[in-house]
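**Student:**
Rendered as structure tokens:
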């Protein structure tokens, strides 16, 4: 890896189906998609979190990188009396294969505000009844200023460390160029994000929004720069829960660029009955969405803000038309489960990809496991210990049994919906 000026660069990993000229284009696409699924699920027992992370580290310091003067959205340079957009250069490039790490990772970051890791209770943040009703009626709410500068800096440093020392669980999403960096269940491998969930006010905000007395993390995603954007879709990667049992969240670390990157939601669309709950891609011109498709809410979030929404709320995000981000858009997002949630085994559907751990729970049982840690009213020391000991990991047995169920035609059609959602622009 190289550090050139203010830009972190890495040679791209390219995947080609060589000597496949005799294959039809459709078949080639099918092979690539199956490969993507396998890579996305990769987390064999050999790659499970261990006591120590093993792998490469980039030659630039992630912690130093996070404190550098960052490229501002829509940077311009002045030339005489004219103003020209600065030459576009990606802020993050894909890692080399040997730079990926396996096992547990710990950036060694101190918590903000003097909080003591695994000891201090979580912080609180009050939201209003009006905000809660907005969430219930519109299907989404923008809550400003939940996290102050100290918390935002903590998240930026944790993210910089993660990009600097990429984990194997990010391999599929990063190599596919969906994002500059994307990793599901980052809390399982990176201790800084686990501590964030245990001690920040996130759980308190979400329990208020969901009118519940308990919050568990079902699944999460660390997302840096969505290169291709995502067309109109609903979220089905919510873990082993139903849409009514879950709450989606976004925690933003950066300002939204002027021309792209702002999430757009169809107001009230969580109440629609036209879209298959297992679908990802949504054709907003389909029958049954007439009352929603033209009523749009766009949110230009700032550092420390949260977006909270219902998993069925239809939304999109446009990336830059050329797929090149010249500034950062770092987000920690995911789905939490409300109190009383049951475990739903989703093998045979695309939704299984966010539940690949061998936790031993059975369909219909209570969702209580270290794989889905409680963060409100406070974290459980036993669950945290299991995570720290590497017992919360993906399982080869579950990967084979759960993803194997997607081989049926019906399941394959539903999963293909995921690939229809990719694209830089959507009307």
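Residue numbers (the numbering used here): 3 to 429. We put the beta carbon where it would ideally sit given N, CA and C, even for glycine. This structure is a prediction, so every number in the text was calculated from the model and none was measured.
Should residue 231 be labelled buried (16 or more other beta-carbon atoms within 10 Å of its own) or exposed?
**Tutor:** buried
**Student:** Could you tell me whether the segment 324-337 touches the segment 248-257, where touching means 3 or more Cβ pairs closer than 8 Å?
**Tutor:** Because the criterion of three Cβ pairs below 8 Å is met, the segment 324-337 and the segment 248-257 touch.
**Student:** So the candidates are 261, 239, 121 and 222; which of them puts its Cα closest to the Cα of residue 324?
**Tutor:** 261
**Student:** When the Cβ atoms of the segment 136-156 are set against those of the segment 307-317, are three or more pairs found closer than 8 Å?
**Tutor:** yes
**Student:** Based on the DSSP secondary-structure assignment, which residues constitute the bridge partners of residue 298?
**Tutor:** 268
**Student:** Among 346, 326, 343 and 361, whose alpha-carbon lies nearest the alpha-carbon of residue 179?
**Tutor:** In terms of Cα proximity to residue 179, the closest of 346, 326, 343 and 361 is 326.
**Student:** If the criterion is Cβ atoms closer than 8 Å, does the pair residue 284 and residue 234 meet it?
**Tutor:** yes
**Student:** Is DSSP giving residue 195 helix, strand or coil here?
**Tutor:** helix
**Student:** Which class does residue 334 belong to by DSSP, given the choice of helix, strand or coil?
**Tutor:** strand
**Student:** Drop a sphere of 10 angstroms on the beta-carbon of residue 384, count the other beta-carbons inside from all chains shown, and report buried for 16 or more, exposed for fewer.
**Tutor:** exposed
**Student:** Applying the criterion that 16 or more other CB atoms from any shown protein chain within 10 Å of the CB defines a buried residue, is residue 456 buried or exposed?
**Tutor:** As displayed, the chain neither begins before 3 nor continues past 429, which places residue 456 out of reach and without an answer.
**Student:** What does a CB cutoff of less than 7 Å around residue 301 pick up in its chain, not counting 5 residues either side in sequence?
**Tutor:** 144, 264, 265 and 309
**Student:** Quick check: what's the CA-CA separation for residue 342 versus residue 348?
**Tutor:** Counting only the Cα atoms, residue 348 lies some 18 Å from residue 342.
**Student:** How big is the Cα-Cα spacing for residue 173 and residue 184?
**Tutor:** 8 Å
**Student:** So, at 6 Å on beta carbons, what are the nonlocal neighbours of residue 376 in its own chain, with the 5 sequence-adjacent residues on each side left out?
**Tutor:** 218 and 382
**Student:** For residue 109, collect the residues of the same chain with a Cβ closer than 6 Å to its Cβ; drop the 5 residues on either side in sequence, then sort them by chain order.
**Tutor:** 160, 163 and 194
**Student:** Taking the continuous beta strand (DSSP E) assigned at residue 226, which residues delimit it?
**Tutor:** Note, residue 226: beta strand (DSSP E), 217-228.
**Student:** Starting from residue 359, follow its DSSP beta bridges and name the residues at the other end.
**Tutor:** 396
**Student:** Using beta-carbon positions only, say whether residue 378 and residue 317 come within less than 8 Å of one another.
**Tutor:** no
**Student:** Just the Cα atoms here: how many angstroms apart are residue 190 and residue 390?
**Tutor:** 8 Å
**Student:** Check whether the Cβ atoms of residue 303 and residue 290 sit closer than 8 Å, and answer yes or no.
**Tutor:** no
**Student:** In or out: residue 123 buried (at least 16 other Cβ within 10 Å) or exposed?
**Tutor:** Residue 123 comes out exposed.
**Student:** Kindly give me the distance between the Cβ atoms of residue 205 and residue 340, rounded to whole angstroms, as I take these residues to be in contact under 8 Å.
**Tutor:** The pair is not a contact, with the Cβ atoms about 11 Å apart (cut-off 8 Å).
**Student:** What are the partner residues of residue 185, as DSSP defines its beta bridges?
**Tutor:** In the DSSP output, where bridge partners are listed per residue, residue 185 has 224.
**Student:** Would you kindly report the start and end of the unbroken alpha helix (DSSP H) that includes residue 205?
**Tutor:** Per DSSP, residue 205 is one residue of the alpha helix (DSSP H) stretching across 204-211.
**Student:** For residue 368, which of helix, strand or coil comes out of DSSP?
**Tutor:** strand
**Student:** Using DSSP with H/G/I as helix, E/B as strand and the rest coil, what is residue 143?
**Tutor:** strand
**Student:** Contact check, residue 107 vs residue 167 under 8 Å by CB: the rounded distance?
**Tutor:** 6 Å
**Student:** Excluding the 5 residues preceding and the 5 following residue 202 in the sequence, name in chain order all residues of the same chain whose CB lies nearer than 8 Å to its CB.
**Tutor:** These residues qualify, in order along the chain: 124, 125, 149 and 153.
**Student:** In the DSSP assignment, what residue or residues form a beta bridge with residue 378?
**Tutor:** 217
**Student:** Taking the alpha carbon of residue 91 as the reference point, which residue from 244, 182, 396 and 387 has its own alpha carbon closest?
**Tutor:** 182
**Student:** Within its chain, find whatever has a CB closer than 7 Å to the CB of residue 94; leave out the 5 residues flanking it on each side and keep chain order.
**Tutor:** Exclusion of the five residues before and after residue 94 leaves 10, 165, 182, 183, 226 and 227 as the residues of its chain whose Cβ lies within less than 7 Å of its Cβ.
**Student:** So if DSSP puts residue 250 in a beta bridge, which residue, or which two residues, is it bridged to?
**Tutor:** 311 and 337
**Student:** From what residue to what residue does the alpha helix (DSSP H) around residue 383 run?
**Tutor:** 383-390
**Student:** Might you give, ordered along the chain, the residues of its own chain that have their beta carbon closer than 6 Å to the beta carbon of residue 146, omitting 5 neighbours on each side?
**Tutor:** 307
**Student:** Buried or exposed for residue 250, please, with buried defined as at least 16 other CB atoms from any protein chain shown within 10 angstroms of its CB.
**Tutor:** buried
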